Structures are given as C-alpha cells and as structure tokens.
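Notes follow the structure.
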C-alpha cells in the first residue's frame, strides 16, 4: 500500500502490464503519458528535495550517510504526505521546513492516496511554464 501512496495505482498497473509483457516477450508495452509524467516528476522531487535538504542541514556533527538517509526519508514522507519523521524537525533550519511544506503541498501523483495538488499537476504546470518561456510574447 505504501508504494501505491507514493506513485499511484494507475502507474503501478501500467508498470505491471509493461513488465508482464516484457517477460512474456510480447510486443513492447509503452508507459502512458500519465505514468511518465508521474514517475519523472516524483523522481525529480525526491532527488532534488533530498539534495537540498542534505545541503541545508550538512554539519560535521552528523555523519553524512546518516544525514543523507534522514533527508531522503523526510522527503519521501513529505511528498507522500504520510507525516512520519525520524528527527526533531524543530532543530532543522526554517528553509528546510519550507522545502518540506512545499513537498507536502505538491503531494503524491494522481491516483495515489497521498494528498496535495498532485505531483502530476505540478509537472504539467512546469511543462506549461517551460513551453511558455520558449514562446515569443504576444503583442
């Protein structure tokens, strides 16, 4: 159930069908656009969020492997809106807490049980902004 919360039931079903067809040596089953956007956006949020939290909270007092695991766990918990924490968040910097709040606001992909505006919606908004940035302004 935790996996469905993180990526959504549609993505799990699509991935299962793709894997099943590949193992049976049938025609290649391509992932749907929704699955691609959900996986890429979720991966980007997790990798980017982990890197930012690691960088913001890096100190010599905490060994870097432990800090990396803590940052990645907090990012996964925030993006899937589970509400778990392994550290006292009151000890973290306010910018780190802002990053976690943003990740909770974005939430999990559509079709999952996590809250937020949905990471697929956030991914589509980013794609729209990217496309609009490449267009000349209207006169």
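In the numbering used here, the protein residues as written are 130 to 268. For every residue, glycine included, the Cβ atom is placed at its ideal position computed from N, Cα and C. Everything numeric in this text was worked out from a predicted model, so none of it was measured.
Residue 202: which of 218, 179, 188, 191 sits nearest, CA to CA? When only C-alpha atoms are compared, the closest one is 179.
Alpha carbon to alpha carbon, what distance is there between residue 207 and residue 141? Straight-line spacing of the CA atoms in residue 141 and residue 207 works out to 20 Å.
Separation of residue 168 from residue 257, as counted between CA atoms: Each residue's Cα considered, the two are about 18 Å apart.
Residue 297: which of 182, 146, 254 sits nearest, CA to CA? No answer is possible for residue 297: the residues shown for the chain start at 130 and end at 268.
Under three-state DSSP, which class holds residue 239? Residue 239 carries a coil assignment under DSSP once its states are collapsed to helix, strand and coil.
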